[in-house]
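Student:
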Amino acid sequence: GLDNAMTTNPAYAALNGSQRAQVLTDLTKLTKTDPYQDAPDARKQDLVEIVADVADFSAANPGNKITRNTLDQVVDGKIKLQLYDKAPAGGFQEYGYSDGKDIFLNVNPAVRNPAFASDKYIDTLAHEANHHLNGDTQHDTPDRFIDEYRAFVVGREAQLGRTLTPGEQRAI
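Residue numbers (this note's numbering): -16 to 155.
1) Just to confirm the assignment: which complete alpha helix (DSSP H) runs, minimum length 4, are found wholly within the segment 8 to 88?
2) Quick check: the Cα distance between P71 and L54, rounded to an integer number of angstroms?
3) Taking T50 and V37 to be in contact with their CB atoms under 8 Å, please state how far apart those CB atoms are, rounded to whole angstroms.
4) Please list the terminal residues of the continuous alpha helix (DSSP H) segment that includes I129.
5) Consult DSSP for E5 and reduce its assignment to one of helix, strand or coil.
6) State the DSSP-derived secondary structure class of Q152, mapped to helix, strand or coil.
7) Applying the 10 Å Cβ sphere with the 16-neighbour rule, what's the burial state of Y19?
8) For R26, which residues in the same chain have their Cβ closer than 7 Å to its Cβ, ignoring the five residues on either side in sequence?
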């Protein structure tokens, strides 16, 4: 899994030595987590590739505290990252969700490829980590609206590597 994450990802190739060392540290920590240890071999490869992508982005954007904090939660085992395979339905691509206990990311090929290309795994992981860390809210309530707004902003800022502009915030 590590070979593929290092040799096929141009983001990793663009990193300097200390940034690459941080990515390798993150991946080494990942391999010690229960979700990685308990995963079948094919899912271990998926976990390494997804976490490597997030770690590459984090190393290349050291000022992006959202991505770094989210990644730390995953590689330290505080948030359990699980994977599932669900094909898009009705034109909707589901990238992931949190059940309040774990975060799940969709690795269906029709979802996975665009997720890597658009940094949607970074967005989704930060979004769901925000829900996970802030607790669950009841559907159809003002608290849920605020919870979803906050998680959307956190995910988008993680994905972009910057704070949203006032115009981008209003457009939500």
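Beta carbons are placed, not taken as given, at the ideal position from N, Cα and C, and that holds for glycine. Computed from a predicted structure; not experimentally measured.
Tutor: Considering the structure as presented:
1) DSSP assignment within the segment 8 to 88 yields the following whole alpha helix (DSSP H) runs of 4 residues or more, N-terminal first: 17 to 21, 24 to 43 and 48 to 58.
2) Each residue's Cα considered, the two are about 26 Å apart.
3) Sure, about 7 Å apart at Cβ, within 8 Å.
4) Note, I129: alpha helix (DSSP H), P125 to L143.
5) Just to set this straight, residue 5 is Gln in the shown sequence, not Glu. The answer is helix: DSSP assigns Q5 an H, G or I state.
6) When secondary structure is reduced to three states using DSSP, Q152 falls in the helix class.
7) Taking all protein chains in view, the Cβ of Y19 is crowded by 16 or more other Cβ atoms within 10 Å, so the residue is classified as buried.
8) Correct list, in chain order: L66.
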